[in-house]
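K.L.:
Here the sequence shown stands for residues 5 to 245, numbered as in the working numbering.
Beta carbons: idealized from backbone N, C-alpha and C, even for Gly.
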Amino acid sequence: MTPEHWDAFFQIHSDLPREGPGEDADVAWATQVAKVGQSARIADLGCGPGGDIAALRRAAAEGSVWACDTHEPFVQQAQARYDQDPDVTLAVADMSAPFGMFDFIWCAGAAYFLGISAALSTWRQHLSPGGVIAFSEPCYFTDTPSEAARTFWDGEGVPLSTEAGIRDQIARAGYQTLAIRNLSDQAWENYYTPLEARISDLRSEASPLLVEIIKDTRNEMDAWRACKDETGYVLCVVRPK
Ligand SMILES: C[S@@+](CC[C@H](N)C(=O)[O-])C[C@H]1O[C@@H](n2cnc3c(N)ncnc32)[C@H](O)[C@@H]1O
């Protein structure tokens, strides 16, 4: 994308509660599977505007959350949301080099930027003994995805796999899968409903380029609704073998 495209993209993608599918119930489930303790040190990698931080704090009320993203405006938005919480630290940083050691690493919709193998191998060095990682990953829910399901991820640069393929990548990275489940439709609506409202707000003042990107965004939402039984995200909870 050109710099002008990115500007228009981030006109849409600003001031949203989250930047990918997810819900508090995912955090509650994953931290329960991982048996996250009340004083756990947690990392939220690729945290976006910090949509999961409140649920992560609830999972370890006497612990801490260190969260990072490379997109500074998201980090600023998250910082403003958790300014009053001394146990939340925000950083503009690359998730391939998190600062510190953690009992639980959470990564919603961002591990695929590194790839499962690279992400799990890098993050192993930042896991305390007994530590657990939870990440959500694009996935086909069928061995025979339709053309619509396959084109849904076009342009994302994600090598899509089925759950079996993801389990295999996890095992090859030297990890054990503790549990996997699909993200719910509600998780997607938590992302798309505010995005739809944002698009409606911007429509009246939109430049031709913004109109084009609004159209692409709307097409993406329609495409997901048409093929959501065939593809989406799985949430994986894993620990080193
Ligand atoms: C799909 S969004 C998900 C954001 C957030 N986890 C959520 O669920 O709302 C992916 C995020 O990963 C961030 N990201 C991509 N590559 C990154 C990297 N190498 N280090 C840190 N953040 C990264 C992007 O800026 C973006 O905010």
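(1) So, for Y144: in the same chain, excluding its five sequence neighbours on each side, which residues have a beta-carbon less than 6 angstroms away from its beta-carbon?
(2) Comparing C-alpha positions only, which one of Y116, E23, L124 sits nearest to F108?
(3) Quick one: what does DSSP say L182 is sitting in, helix, strand or coil?
(4) Here's the rule I'm using: 16 or more other beta-carbon atoms within 10 Å means buried, otherwise exposed. How should E66 be labelled?
(5) Of the residues A227, S204, N194, N186, which one's Cα is nearest the Cα of W33?
(6) Counting only runs of 4+ residues fully inside the region 171 to 229, write out the alpha helix (DSSP H) ranges in chain order.
(7) Are A112 and S140 close, meaning C-beta to C-beta below 7 angstroms?
(8) Nearest-angstrom Cα distance between D19 and G169?
(9) For a quick check, are the C-beta atoms of E27 and A183 less than 7 angstroms apart?
(10) Check whether the Cβ of G52 sits closer than 6 angstroms to any heavy atom of ligand 1, and report yes or no.
(11) What does DSSP give as the partner residues of Y144 in its beta bridges?
(12) Extract the residue ranges of the alpha helix (DSSP H) inside the region 74 to 134, only unbroken runs of 4 or more that lie entirely within it.
(13) Going by DSSP, what residue range makes up the alpha helix (DSSP H) through R62?
(14) Does the distance between the C-beta of H75 and the nearest non-hydrogen atom of ligand 1 fall short of 6 angstroms?
(15) Rounded to whole angstroms, what is the Cα-Cα separation between L118 and Y237?
(16) Does the distance between the C-beta of A114 and the nearest non-hydrogen atom of ligand 1 fall short of 6 angstroms?
(17) Can you tell me which of the three DSSP states P53 falls into?
(18) Drop a sphere of 10 angstroms on the beta-carbon of G55, count the other beta-carbons inside from all chains shown, and report buried for 16 or more, exposed for fewer.
(19) Looking at S132: is its Cβ nearer than 7 angstroms to the Cβ of M99?
(20) Using the Cα positions of D226 and L239, report the straight-line distance between them to the nearest angstrom.
(21) Please find out if some non-hydrogen atom of ligand 1 comes closer than 6 angstroms to the beta-carbon of M99.
(22) In angstroms, rounded to a whole number, what distance separates the CA positions of Y179 and D89?
P.N.:
Put simply:
(1) Closer than 6 angstroms at the Cβ level, and outside the excluded window around Y144, lie L164, T166, T235.
(2) For F108, the nearest C-alpha among the options comes from L124.
(3) Correct three-state label for L182: strand.
(4) E66 should be labelled exposed.
(5) The candidate whose alpha carbon is nearest that of W33 is N186.
(6) Correct list: 189 to 207.
(7) Result yes, Cβ atoms of A112 and S140 sit closer than 7 angstroms.
(8) Distance between the alpha carbons of D19 and G169: 35 angstroms.
(9) Going by C-beta atoms, E27 is not nearer than 7 angstroms to A183.
(10) For ligand 1, a non-hydrogen atom lies closer than 6 angstroms to the CB of G52.
(11) In the DSSP output, where bridge partners are listed per residue, Y144 has T166, T235.
(12) 76 to 85, 120 to 128, all fully within the region 74 to 134.
(13) Per DSSP, R62 belongs to the alpha helix (DSSP H) from 57 to 63.
(14) The answer is yes for H75.
(15) L118 and Y237: Cα-Cα distance of roughly 16 angstroms.
(16) It does: the Cβ of A114 is within 6 angstroms (strictly closer) of some heavy atom of ligand 1.
(17) DSSP, read as helix, strand or coil, puts P53 in coil.
(18) Under a 10 Å Cβ-count criterion, G55 is classified as buried, with 16 or more other Cβ atoms of the shown protein chains found around its own Cβ.
(19) Cβ atoms of S132 and M99: not closer than 7 angstroms.
(20) Here the alpha carbon of D226 sits roughly 23 angstroms from the alpha carbon of L239.
(21) Yes, Cβ of M99 sits closer than 6 angstroms to a heavy atom of ligand 1.
(22) Those two C-alpha atoms are separated by around 33 angstroms.
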